[in-house]
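Undergrad: Protein chains in written order, with the numbering used here: chain A, 1 to 236; chain U, 237 to 472.
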DNA sequence: ATGTGATTTGTACTATCGTACAAAAGATCA
DNA sequence: TGATCTTTTGTACGATAGTACAAATCACAT
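1) Distance check for residue 296(U) and residue 412(U), CA to CA, integer angstroms please.
2) Mind checking residue 162(A): buried by the 16 CB within 10 Å criterion, or exposed?
3) Please state whether DSSP places residue 379(U) in a helix, a strand or coil.
4) From 336(U), 258(U), 370(U), pick the residue whose C-alpha is nearest to that of residue 270(U); which is it?
5) Just the chain U side, please: which residues come within less than 9 Å of residue 103(A) by C-beta, in chain order?
6) Kindly give me the distance between the Cβ atoms of residue 154(A) and residue 139(A), rounded to whole angstroms, as I take these residues to be in contact under 8 Å.
7) Which first and last residues belong to the alpha helix (DSSP H) in which residue 445(U) is found?
8) So residue 194(A) is in the alpha helix (DSSP H); what residue range does that whole segment cover?
9) Using a Cβ-Cβ cut-off of 8 Å, state whether residue 133(A) counts as contacting chain U.
10) Taking all protein chains shown into account, decide if residue 249(A) is buried (16 or more other Cβ within 10 angstroms of its Cβ) or exposed.
11) Against chain A, with Cβ distances strictly below 8 Å, would residue 387(U) count as a contact?
12) Apart from the five residues on each side of it in sequence, which residues of its chain come closer than 6 Å, Cβ to Cβ, to residue 142(A)?
13) Return the CA-CA distance between residue 145(A) and residue 285(U), expressed in angstroms with no decimal places.
14) Give a yes or no on whether the minimum CB-CB distance between residue 465(U) and chain A is below 8 Å.
15) Give the residues of chain A in contact with residue 416(U), contact being defined as C-beta atoms less than 9 Å apart.
16) Name the chain A residues whose beta carbon is nearer than 8 Å to that of residue 263(U)?
17) Between the alpha carbons of residue 248(A) and residue 200(A), how many angstroms are there, rounded?
18) Of all the alpha helix (DSSP H) runs that stay within the bounds of the stretch 27-72 of chain A, which reach a length of 4 or more residues?
19) Does any residue of chain U have a CB that is nearer than 8 Å to the CB of residue 125(A)?
20) Check the Cβ-Cβ distances between residue 470(U) and every residue of chain A, and say whether any is below 8 Å.
21) Helix, strand or coil for residue 245(U)? Go by DSSP, reduced to three states.
22) Look at the Cβ atom of residue 445(U), then the Cβ atom of residue 218(A), and state whether they are nearer than 8 Å.
23) Helix, strand or coil: how does DSSP classify residue 455(U) here?
24) Please decide whether residue 163(A) counts as near chain U, where near means a Cβ-Cβ distance under 8 Å.
25) So which residues on chain A does residue 315(U) lean against when the C-beta distance must stay under 8 Å?
26) Alpha carbon to alpha carbon, how far is residue 18(A) from residue 339(U)?
27) Taking the continuous alpha helix (DSSP H) assigned at residue 170(A), which residues delimit it?
28) Below 8 Å between beta carbons: does that hold for residue 129(A) and residue 354(U)?
29) Is the CB-CB distance between residue 318(U) and residue 334(U) below 8 Å?
30) Under a three-way DSSP split, which group does residue 158(A) fall into?
31) Could you check how far apart the C-beta atoms of residue 216(A) and residue 449(U) are, in whole angstroms? I think they sit under 8 Å.
32) Distance cutoff 8 Å, beta carbons only. Does residue 214(A) sit that close to anything in chain U?
33) What separation, rounded to the nearest whole angstrom, lies between the Cα atoms of residue 85(A) and residue 147(A)?
34) With a threshold of 16 other CB atoms inside 10 Å of the CB of residue 192(A), please say whether the residue is buried or exposed.
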């Protein structure tokens, strides 16, 4: 159990800043932003409340730093995987690879923290639900590029599906992804113990399989809800 | 001057209790539970803070009453629609009808309040994300029956798909449904204005179409992960 | 009109919030 | 070593939180 730490890990333990970030990330992700006090975070990190102010100035600043810490690596990993997925020959395999490129980093990537990816994604889900302003700004300017690239890749693979439909379906994917991380216990409960909802590998495979099928569903013309299904495809 | 309208059932003046409930519902659904103060609610309802205490005793009691108000009608409507959907002949149509039975009441049903269904469902999404204890208890004991009935209906229509997969996919459906109500603006933004994310009818149709396809995706054998269509990625 | 019970108001109490700031403690290097 | 900079601690302040409660007000049967 006792292991000689490498040079990179050595600086971690006494680093109070990192401990605060990790504690805040965990608490925000599970309880929301407003339910967690700066004192809660400091206590969980074994730090003094004043120390949080010193390192991050404000509570918003702390949240901002959490995003800054994760957004870069995660989107980098996504674009790498997406670039590779674009070259897959078989359509079905390519769709799955594209979805995987979007989903996998959300579960595993992030900073070098263990399980940081899933924790950060859950945090994003919660901030989104709470309508957090700090998060909203960062999300729009950081993730929209990635989302568009992902949508474009899907659209290229499924040119007969209107872009609007693909936007909706990718939106559903993100919602499903978020919800899987927010309440994994619900899956365990409803499956009567046959599955562990917090099993990341299982969640990823289920999500990829289901979403790849959803993207391939017949197109929907939404111009007029009362109108029946027609193969009209109008590009504006 | 003011005519007295006979019996006690008449809504003489806007019932303050209802106004408080509506205001709380709206504020909780958009900002979360902890971010909204009792004073905020009272002010939005044009009431006095003390009046909230009088009618609902505590802030938790207020949330509890919101749930009590909506859960019954919504689940009743769901079971009605589900019962009808089970009898649809064509498999594809039946799947869509079942999904619709789950989705439509979440958008439209609820109490007699205008647009109350979507608002309450959004509130549930936010409470779920925040890990609200009051909501968690009610959800588990009120919605699990409905969820099981829904899963059973899908499973009967798709007997070759393992129940576990259906649980996952219905979980994704709920996540997608929640997310559509939480951040409809994201759909508008990503579609570059081609679609209005807050258009309930469009959201429902997109959700039904995508989810019906997802349920029909090939089964996933996770008990014995020997066979895989795509090469397994050994890297995390 | 008057009494009565149901509501609404105004206010106050205590706890906790985010944040500020000075002093103490470490760390670094001449 | 002492000087200087960084980090941590302890404490305090004003704002606001949830809730309690007495007084004021209202609806309405008598």
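No residue lacks a Cβ here, since even glycine has one placed at the ideal position from N, Cα and C.
TA: In short:
1) 27 Å
2) buried
3) coil
4) 370(U)
5) Chain U residues near residue 103(A): none, gap ~11 Å exceeds 9 Å.
6) About 20 Å separates the two Cβ atoms, so there is no contact after all.
7) 436-451
8) Note, residue 194(A): premise wrong, no alpha helix (DSSP H); not H, not E.
9) no
10) With chain A covering 1 to 236 only, the question about residue 249(A) has no answer from this structure.
11) yes
12) 71
13) 45 Å
14) Residue confidence for residue 465(U) is low, a pLDDT of 45 falling below 50, so the modelled location carries little weight; the figure read from the coordinates is stated next. Interface residue, yes.
15) 168, 171, 172, 175
16) Ordered by position in chain A, no residue passes the 8 Å Cβ test against residue 263(U), which lies about 11 Å from the chain.
17) Since the first and last residues shown for chain A are 1 and 236, residue 248(A) lies out of range.
18) 38-45, 49-56
19) yes
20) Reliability of the predicted coordinates at residue 470(U) is poor, the pLDDT of 40 falling under 50, and the value obtained from them is presented with this limitation in mind. Not closer than 8 Å to any Cβ of chain A, the Cβ of residue 470(U) fails to qualify, so no.
21) Here the model assigns residue 245(U) a pLDDT of 34, short of 50, so the residue's position is not dependable, and the following value carries that caveat. Residue state, collapsed to three classes: coil.
22) yes
23) coil
24) yes
25) Result: empty, since nearest Cβ-Cβ is about 17 Å, beyond 8 Å.
26) 43 Å
27) 163-182
28) no
29) yes
30) coil
31) 7 Å
32) yes
33) 15 Å
34) exposed
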